[in-house]
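*Asks:* Following this message is one structure expressed as structure tokens.
Number of protein chains: 4
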Amino acid sequence: MPTDSFFHQLFGSIADGGRVLIDRQLRGLARQPGRAVTDLCHALLSQRGEASGAALAREVLLAYNDLEPAGRIAFFQHLVDEFGPEPEAIASAAHAYQEEPSTNSLIALARVVEAPRQELFRRLNMAPGGTAALVAMRGMLLEQIAEHPTWRAIDADLLHLFRSWFNRGFLLLERIDWHTPAVVLEKLIHYEAVHAIDGWDDLRRRLAQDRRCFAFFHPALPEEPLIFVEVALVRGVSDRVQPLLDRAAEIIDPAEADTAVFYSISDCQPGLRGISFGNFLIKQVAAELQAELPNLKTFATLSPVPGFRAWLETAPSLEPLRSELIQRLEDEAPASLPDDQELAGRLLPLCAAYLVRGRRDGQLLDPVARFHLRNGARLERINWAADLSPQGLAGSAGIMVNYLYRLDQVERNHEDFVNKGRVVSSRRVDGLVRSLPADMPVVLEDA
Amino acid sequence: MPTDSFFHQLFGSIADGGRVLIDRQLRGLARQPGRAVTDLCHALLSQRGEASGAALAREVLLAYNDLEPAGRIAFFQHLVDEFGPEPEAIASAAHAYQEEPSTNSLIALARVVEAPRQELFRRLNMAPGGTAALVAMRGMLLEQIAEHPTWRAIDADLLHLFRSWFNRGFLLLERIDWHTPAVVLEKLIHYEAVHAIDGWDDLRRRLAQDRRCFAFFHPALPEEPLIFVEVALVRGVSDRVQPLLDRAAEIIDPAEADTAVFYSISDCQPGLRGISFGNFLIKQVAAELQAELPNLKTFATLSPVPGFRAWLETAPSLEPLRSELIQRLEDEAPASLPDDQELAGRLLPLCAAYLVRGRRDGQLLDPVARFHLRNGARLERINWAADLSPQGLAGSAGIMVNYLYRLDQVERNHEDFVNKGRVVSSRRVDGLVRSLPADMPVVLEDA
Amino acid sequence: MPTDSFFHQLFGSIADGGRVLIDRQLRGLARQPGRAVTDLCHALLSQRGEASGAALAREVLLAYNDLEPAGRIAFFQHLVDEFGPEPEAIASAAHAYQEEPSTNSLIALARVVEAPRQELFRRLNMAPGGTAALVAMRGMLLEQIAEHPTWRAIDADLLHLFRSWFNRGFLLLERIDWHTPAVVLEKLIHYEAVHAIDGWDDLRRRLAQDRRCFAFFHPALPEEPLIFVEVALVRGVSDRVQPLLDRAAEIIDPAEADTAVFYSISDCQPGLRGISFGNFLIKQVAAELQAELPNLKTFATLSPVPGFRAWLETAPSLEPLRSELIQRLEDEAPASLPDDQELAGRLLPLCAAYLVRGRRDGQLLDPVARFHLRNGARLERINWAADLSPQGLAGSAGIMVNYLYRLDQVERNHEDFVNKGRVVSSRRVDGLVRSLPADMPVVLEDA
Amino acid sequence: MPTDSFFHQLFGSIADGGRVLIDRQLRGLARQPGRAVTDLCHALLSQRGEASGAALAREVLLAYNDLEPAGRIAFFQHLVDEFGPEPEAIASAAHAYQEEPSTNSLIALARVVEAPRQELFRRLNMAPGGTAALVAMRGMLLEQIAEHPTWRAIDADLLHLFRSWFNRGFLLLERIDWHTPAVVLEKLIHYEAVHAIDGWDDLRRRLAQDRRCFAFFHPALPEEPLIFVEVALVRGVSDRVQPLLDRAAEIIDPAEADTAVFYSISDCQPGLRGISFGNFLIKQVAAELQAELPNLKTFATLSPVPGFRAWLETAPSLEPLRSELIQRLEDEAPASLPDDQELAGRLLPLCAAYLVRGRRDGQLLDPVARFHLRNGARLERINWAADLSPQGLAGSAGIMVNYLYRLDQVERNHEDFVNKGRVVSSRRVDGLVRSLPADMPVVLEDA
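Residue numbers (the numbering used here), protein chains in the order written: chain V, 142 to 588; chain P, 142 to 588; chain B, 142 to 588; chain W, 142 to 588.
Written out as structure tokens, the structure is:
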């Protein structure tokens, strides 16, 4: 098969004139940070870009990669200032469209509204490794976007392109196991965001026969997972995470499991923020597992409640109860929490209320709950002393939640949630909420 | 790997309510052709589409595939009428932008200018085989677009998406040879547009060791070439095509060739019309061949002059010469043409003038010349009696042209051609043009 | 991955001394056909072979391939004369073993009994393409072995090696369909031995969705099938072959088939004669199909009776009946045979008797019956007018047989057949046999 | 592709009768260890084995795997007693051959000399995973063979088969790097025999861009390396190993290296002992590297002298020098050794003499020297303080040797070494040997 390296050896040099131009531009770099890269971008959008697109795109990306922080900031600003649409052209096309809203006038308007940046990014994508470079570029952009509000125009263009390029129809679902190349496996260790993987031995247990790991990949980003999910095949829905993470846990025969517990899901690419893959991933993995192991009857998560403790500590409506509970959580040794049913009896209803009724601007407070309920899952069970790790105690007060995915109900649940704001929950969870004092204000819009 | 079939067995049924809706809609099909598909499209763009996207998208495509011609026409019209942007929203956003051309107002304007059709197509793409279905849909659309000018709005949206999805960075170059699956090879036989392939034995010779065939593929369209090129490895630049096509031609050792002759290039997907792959393909194949066979010194085409004879027959400025030449072409037996140097001496200069100076609206008349010159090739040689097939005689008066690709000059040639309108040609070709009578009007803008 | 070509470019030259020797030897070729190759073989077995094994082996095979017929015959004779075991060494080791039949003396005896040829062949196998070359070498050897009885010693050595190398454990079962490379498919066309494949269109029908084709491959012979079987998925056991071969036959949904009919099985490698793959192939394919299509209930063949007509024409015990039947077969138009129930009524019992009782030296006369019955199949049904092709009429009098494979019975049937000589047959077939006159001598040992 | 699991689900049950027999046999296991497995082996060699070969072979291997140590010992003894050749048959065939040493009598003799064990092993190989099981079986056999001299007969049969099955022509050379599946990489960590790999981070450095690792694989043992070699790409031939193993060593551009240093080669399969892969591996890897990196000019090893220190400590002829040197080696801190040129000056000549002249029974004492010299390498340089690890000091007194592979000389060197016993060494090494006192007895046949 074609070697990209050769291709660029041959074309990469660009014709003589171009090379001189580039050198001159790069020498100017010290005086005007980012200017040389910007000039190359202009060239790429010009006629030259048509003849030597891939080679010139590669030059841009190489030069971009060499930029110092100041150069990168300047370059992003150039993208805003020099590659946006023409206001006059928009005004004129908008006027023409308003005069006569025809097919032609609409196409003309759409053309001038699209920033030339988008075509620039499409041409940069032709370089070898172009897609990866653009994803990384957006990752860098997002790191500093808060300080540069005008960069939102760049971000909007990249996001628009990525939503198109990373369409579900182009993604590949792949199982990850011990037969997977090490270069991919080490990325799992790196990207795992929920329950950290402590090296290769830990990873090996998570890929044993009673565990499953699946990831989405994109053909243009080989060996680079976009998102991955870790699943434990168990008997009964897990109510504690430490046994699942225990490296020495007994390995069971998958044919004897009746439940798949999704205990971790991690996005891998900061540059793809805002493009949601999790919903598709969970459902397709459930379908795959169902196909492979008909003995699986239940698909559920074991999820944190990451905002619960912070809410508990700050919600004004919970005083004076709050201070006492916080104090007990801080005083009590983690190992004794499982047996403290009294504390459980006081915190679990509050957690249920937080999950079901806690809202701000009409939106559920808890991000994990939002994600799974929006996917069409059901809030099934709230488990006491389910994650005794420092992280679990600090974020979720040690509590974890099972969200249940019943594939024949996700569509209805999703519509109820999105259209009516209804949180679909089990009777057990409803009972917890109802057990709270009737006069307790649990919809805490102002929390 | 995940079995799509299972995925859809599980999800494909959609929740009960949805199913009933769909059935009801499909039953309505007879009354209002295309209406049921359109309603499914609306559902796909609604909340339901978020929960059951891939499954619902599949339903849409299945229903679309079942449409009768009348239903398809109605459906396309619905796409125009019901999935276009909102004129009021555009007016309002355009006004807001003009008031204050900020990042936010631009993003808002761009959002409303984009037709909801685009999001619809992106969601359809999530279905298994979605990309192929959309490409086929545009193929059908184009067949009848001349009669339905408003469909241009649909076409513009599809073309915009396809330009993004079929970006060069996502294409895979693959060599086609006798080790290629038959399902791909039979597509070559089907799609070959220049020199028809007469069955498997003919194909086999075209894939022998002194021939090369390369195609671009897209990951979402496996076993479906987008474009392919056929190359002969020879000694010296070929000046006649029949020896290259001769099934019984001696097979030479590629290590002894000094020239790669690109003698056929064919687009395969009507639904991707307007997206140019040929420029990239020729150049990358040249680079691949150079890497594999350093003995290759020359890369050239052997191309038809498809508009020459028609031009000859109609160009008013050529009278009275024209009638005589046409007559001779019609009277003479093809087999005796190679020896008719007198006729050659009269037609070749005219052909050269046609290629170099024949224009309409400032654009070169000959489409093949336009393509290669725009790519940065040089018009190198015009060959008499080079294609004696009926097709070659009817279109090109039996003449064929070598366009020369020198990789270190394509950028400069391209810029000269695009910016200055200059046709880069060899001295030999220039001489042919100069041999014409000085008073002959050869720039035939009105031809 | 390693390029064999380079490997040999580097090693292929062999050290200077060796090269000179080889050249000298090759020059001597004209005088003594085959001698140079033989000398290279001696070198390969010497110390030099240890250092430069693969390179030297390659030299031998190249030189062997250049041999003229006379040289090849001489070379084979050298293999007999110069690479056999030492009679004295055998005598001595045999004597030592008889004196004291110990582990050591047995190992010593086995070592001298093995001809050095075997080590020579093992070393030749190290050359790139060595396995293929040796298989081809045996193919050539077998073509002329009848005239050279001493070559049986060579053949015994090659067969011994091949039985080891082509052990079932090393074979790969692969499905052949329209996604298979053309280079493999054209071999099916070439090797099909039962019902000739008439070009690519015919092949395409045989690989449609209601057909299956599987082959065994060996890792050292890529793209080279060893044996393949063709299967039709149908409703009910087929009793005629022409409908299965009909290119225009309707293509059914495999999920609606209840029967897999094995209608053709062909060995591909003359050089592997005597190594039986068919038994394994049929059973594993049955298992594969059962796994893929649980709707399949019956696995049966539709097989010729290749020796029936010849037996009918020559068996003395059948006079005077014989002459009349033969005459009718010759006179009657094939198209009218299906309706000639009277002739069917007379021939089918004879065919049943031929299949069940016709023996020579205790062995069944019909080779196809021997093969399937030995595999453990049951002789299920004898079909009149089942193959009306000239070949089918000439060999089998148009009759074909269904042998039934019931996987839970093949072991018992096989043992009955091998140990007791019992032909396992259906009641229907038994009834045919019993319908013959009681005094008819149907066990025709002397046929 | 065929699922072996299904194949055995279907066939694995064996016919009813067989199953009962097997159960009965297995129940008898307690009374007669190994007897049940042996009986299954007899069945596998009988008619039943022909019909149900793969399934029965699988039963044998499953039962064998369940054997306790005592059962395994008994089973091996049964293989000796019950599956050897028939002495009477050998006597008779040997007699016949001596009477008339014809092709037929030789074939007949060879047939009876071959133990039925070989056919048994060939049939066992048909089971899924059969090859791996047989290799493991021989590994176990070899562990205890010293105590069971008659097992040598089994070993001879297995070795004979493995030599045939693992012929160089069937091996696949594969590069190992960070893209290799973890299941293979962890085997490198496990099998590395020369310089232990200390976990995944250590391994990662050994697979960086200026390192190479290649292994031979066999198609029947996927993901199971047979032997692997580790190579460092460096400038100049390395004279110390610690810098090569340093995890923090700078990573250089392979295009700037001029030398490939083979610093570790490890066999992986105890069950393949006695089958030499190393010679082929080193030479093919050298060829591969040469092809990939034409900048490489030198191919050399950096090898231990594993027997040197033991020889130094025991060789009587070295007294009284010996005791003093040993004492100094023991007293001196490893870190100061590199600067102790005086000690170097005394030990290096002795090491050179040990390597060049130290022999027992005519064979070189040092196994590593034997291996490389036999391969045709040259003893190039002896390096002081080259391996200061405890292992390096204990075995080689810290000394390491560069053996030079010049591909155009290996054949001549090999022949000189094998035929004339000549150690091909550099002038520098020769000088070291000559620097010893003339009266020093350095050929220590009795060492």
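Here a beta-carbon is modelled for each residue, glycine too, at the ideal position from N, C-alpha and C.
According to DSSP, simplified to helix, strand and coil, what is V370 (chain V)?
*Replies:* Sequence index remark: in the first sequence, residue 370 (chain V) carries index 229 (1-based). Residue state, collapsed to three classes: strand.
*Asks:* With R388 (chain B) as the anchor, note down where its beta strand (DSSP E) starts and where it stops.
*Replies:* The residue given as residue 388 (chain B) occupies position 247 in the third sequence. Unbroken run through R388 (chain B): none, as it is neither H nor E.
*Asks:* For chain W, is any of its Cβ atoms less than 8 Å away from the one on L162 (chain B)?
*Replies:* Taking the first residue of the third sequence as 1, we reach residue 162 (chain B) at position 21. Annotation note: pLDDT 49 at L162 (chain B) (below 50); position unreliable, coordinate value reported separately. No, because no Cβ of chain W sits closer than 8 Å to the Cβ of L162 (chain B).
*Asks:* For a cutoff of 8 Å on Cβ pairs, would you count F147 (chain W) as touching chain B?
*Replies:* Residue 147 (chain W) sits at position 6 when you count from the first residue of the fourth sequence. With a pLDDT of 36 at F147 (chain W), under the threshold of 50, the modelled position of that residue is not reliable, and the figure given next carries that caveat. Yes - at least one Cβ of chain B is within 8 Å of the one on F147 (chain W).
*Asks:* Using a Cβ-Cβ distance cut-off of 8 Å, determine whether G271 (chain W) contacts chain B.
*Replies:* By one-based count along the fourth sequence, residue 271 (chain W) stands at place 130. Answer yes: the Cβ-Cβ gap between G271 (chain W) and chain B drops below 8 Å somewhere.
*Asks:* My understanding is that A184 (chain W) touches L197 (chain W), with C-beta atoms under 8 Å, so please give their C-beta distance in whole angstroms.
*Replies:* Taking the fourth sequence and counting its residues from 1, one reaches residue 184 (chain W) at position 43. Taking the fourth sequence and counting its residues from 1, one reaches residue 197 (chain W) at position 56. Indeed, because the Cβ distance is near 6 Å, the residues count as touching under 8 Å.
*Asks:* Return the chain-ordered ranges of every alpha helix (DSSP H) run that is complete within the segment 523-565 of chain V and spans a minimum of 4 residues.
*Replies:* Taking only runs of at least 4 residues, the alpha helix (DSSP H) segments lying wholly in the segment 523-565 of chain V are 531-537, 551-561.
*Asks:* I want to see whether chain V comes within less than 8 Å of A476 (chain W), judged by CB atoms only; does it?
*Replies:* Within the fourth sequence, residue 476 (chain W) is the residue found at index 335, counting from 1. False, the Cβ-Cβ gap to chain V never drops below 8 Å.
*Asks:* Under the rule that 16 or more other beta-carbon atoms within 10 Å means buried, what is A171 (chain W), buried or exposed?
*Replies:* Taking the fourth sequence and counting its residues from 1, the one referred to as residue 171 (chain W) is at position 30. Caution is warranted here: a pLDDT of 48 is assigned to A171 (chain W), below 50, making its placement in the model unreliable, and the coordinate value is therefore given only provisionally. A171 (chain W) is exposed by the Cβ-count criterion.
*Asks:* Counting contacts by CB-CB distance shorter than 8 Å, is W319 (chain V) in contact with chain P?
*Replies:* For the purposes of this step, residue 319 (chain V) is identified with residue 178 of the first sequence, where counting begins at 1. So, not an interface residue.
*Asks:* Contact criterion: CB-CB distance below 8 Å. Does V551 (chain V) meet it with respect to chain W?
*Replies:* Locating residue 551 (chain V) in the first sequence gives position 410, where the first residue counts as 1. False, the Cβ-Cβ gap to chain W never drops below 8 Å.
*Asks:* Could you say if the segment 385-396 of chain B and the segment 537-554 of chain B meet the contact criterion of at least three C-beta pairs nearer than 8 Å?
*Replies:* Touching, no.
*Asks:* Kindly say whether P366 (chain W), judged by its beta-carbon, lies nearer than 8 Å to any beta-carbon of chain V.
*Replies:* Counting from 1 along the fourth sequence, the entry for residue 366 (chain W) is found at position 225. For P366 (chain W), the answer is no, since every Cβ of chain V falls outside 8 Å of its Cβ.
*Asks:* I'd like the list of long-range same chain contacts for P360 (chain W), defined as Cβ closer than 6 Å, with 5 residues on each side in sequence excluded.
*Replies:* Here residue 360 (chain W) refers to the residue found at position 219 of the fourth sequence. The answer is none, since no qualifying residue turns up.
*Asks:* A356 (chain B) CB to nearest chain P CB: under 8 Å?
*Replies:* Counting from 1 along the third sequence, the entry for residue 356 (chain B) is found at position 215. Not one chain P Cβ lies under 8 Å of A356 (chain B).
*Asks:* Indicate whether at least one CB of chain W lies closer than 8 Å to the CB of Q239 (chain B).
*Replies:* Sequence index remark: in the third sequence, residue 239 (chain B) carries index 98 (1-based). Cβ-Cβ to chain W under 8 Å: yes for Q239 (chain B).
*Asks:* Answer with yes or no whether the minimum CB distance from V276 (chain B) to chain W is below 8 Å.
*Replies:* Stepping through the third sequence from its first residue, residue 276 (chain B) is reached at position 135. V276 (chain B) does not count as touching chain W.
*Asks:* Quick check: the Cα distance between V570 (chain W) and I406 (chain W), rounded to an integer number of angstroms?
*Replies:* Mapped onto the fourth sequence, residue 570 (chain W) falls at position 429. Mapped onto the fourth sequence, residue 406 (chain W) falls at position 265. Roughly 24 Å between the two C-alpha positions.
*Asks:* If you reduce the DSSP assignment to three classes, tell me which class L208 (chain W) lands in.
*Replies:* For the purposes of this step, residue 208 (chain W) is taken as residue 67 along the fourth sequence, with counting starting at 1. It is coil, neither helix nor strand.
*Asks:* Indicate whether at least one CB of chain W lies closer than 8 Å to the CB of L329 (chain V).
*Replies:* As a first step, residue 329 (chain V) must be located in the first sequence, where it is residue number 188. No, no contact with chain W.
*Asks:* Residues of chain W with a CB under 7 Å from the CB of L326 (chain V): which are they?
*Replies:* Locating residue 326 (chain V) in the first sequence gives position 185, counting from the first residue. Going along chain W in sequence order, the residues near L326 (chain V) (Cβ under 7 Å) are A323.
*Asks:* Just the Cα atoms here: how many angstroms apart are F303 (chain P) and S417 (chain P)?
*Replies:* Within the second sequence, the letter at position 162 stands for residue 303 (chain P). Within the second sequence, the letter at position 276 stands for residue 417 (chain P). Roughly 11 Å separates the two Cα atoms.
*Asks:* Is it the case that the Cβ atoms of A256 (chain B) and F307 (chain B) are separated by a distance below 8 Å?
*Replies:* Working through the third sequence from its first residue, we reach residue 256 (chain B) at position 115. Working through the third sequence from its first residue, we reach residue 307 (chain B) at position 166. Not in contact: A256 (chain B) and F307 (chain B) (Cβ atoms no closer than 8 Å).
*Asks:* Assign N543 (chain P) to buried or exposed, taking buried as 16 or more other Cβ atoms, counted over all protein chains shown, within 10 Å of its Cβ.
*Replies:* Taking the first residue of the second sequence as 1, we reach residue 543 (chain P) at position 402. N543 (chain P) comes out buried.
*Asks:* Within the same chain, show all residues whose beta-carbon is closer than 7 Å to that of Q431 (chain B), passing over the 5 residues directly before and after it, in chain order.
*Replies:* Indexing the third sequence from 1 puts residue 431 (chain B) at position 290. Same-chain partners within the cutoff: L437.
*Asks:* Opposite P445 (chain W) in the DSSP bridges: which residues?
*Replies:* Numbered from its first residue, the fourth sequence carries residue 445 (chain W) at position 304. P445 (chain W) is bridged to W:M541.
*Asks:* May I ask you to report which of helix, strand or coil DSSP gives A171 (chain W)?
*Replies:* Taking the fourth sequence and counting its residues from 1, one reaches residue 171 (chain W) at position 30. Only weak support exists for where A171 (chain W) lies, its pLDDT of 48 falling under 50; the coordinates are left without a value.
*Asks:* Exposed or buried, G212 (chain B), counting other C-beta atoms within 10 Å across all chains shown (16 or more means buried)?
*Replies:* Within the third sequence, numbered from 1, the residue matching residue 212 (chain B) stands at position 71. Looking at its Cβ environment, which holds 16 or more other Cβ atoms inside 10 Å, G212 (chain B) is buried.
*Asks:* Between V372 (chain W) and R353 (chain W), is the Cβ-Cβ spacing less than 8 Å?
*Replies:* Position 231 of the fourth sequence holds residue 372 (chain W). Position 212 of the fourth sequence holds residue 353 (chain W). Cβ atoms of V372 (chain W) and R353 (chain W): closer than 8 Å.
*Asks:* How many angstroms separate the CA atom of P531 (chain P) from the CA atom of L314 (chain W)?
*Replies:* In the second sequence, residue 531 (chain P) corresponds to position 390, counting from 1. In the fourth sequence, residue 314 (chain W) corresponds to position 173, counting from 1. Whole-angstrom Cα-Cα distance: 53 Å.
*Asks:* So does the segment 231-249 of chain B actually touch the segment 234-241 of chain W, counting three or more Cβ pairs closer than 8 Å?
*Replies:* Enough Cβ pairs lie closer than 8 Å, so yes.
*Asks:* Answer yes or no: does any C-beta atom of chain P fall closer than 8 Å to that of W525 (chain B)?
*Replies:* In the third sequence, counting from the first residue as 1, residue 525 (chain B) sits at position 384. Cβ-Cβ to chain P under 8 Å: no for W525 (chain B).
*Asks:* Can you list, in chain order, the residues of its chain with a C-beta nearer than 8 Å to that of A390 (chain P)? Leave out the 5 residues immediately preceding and following it.
*Replies:* Against the second sequence, residue 390 (chain P) aligns to sequence position 249. Cβ neighbours of A390 (chain P) beyond the five flanking positions: R346, P384.
*Asks:* Out of curiosity, what's the CA-to-CA distance linking A249 (chain P) and V497 (chain P)?
*Replies:* For this step, residue 249 (chain P) is matched to residue 108 along the second sequence. For this step, residue 497 (chain P) is matched to residue 356 along the second sequence. Taking the straight line joining both Cα atoms gives about 48 Å.
*Asks:* Rounding to the nearest angstrom, what Cα-Cα distance links F403 (chain B) and D549 (chain B) in this structure?
*Replies:* In the third sequence, counting from the first residue as 1, residue 403 (chain B) sits at position 262. In the third sequence, counting from the first residue as 1, residue 549 (chain B) sits at position 408. So the two alpha carbons sit approximately 18 Å from each other.
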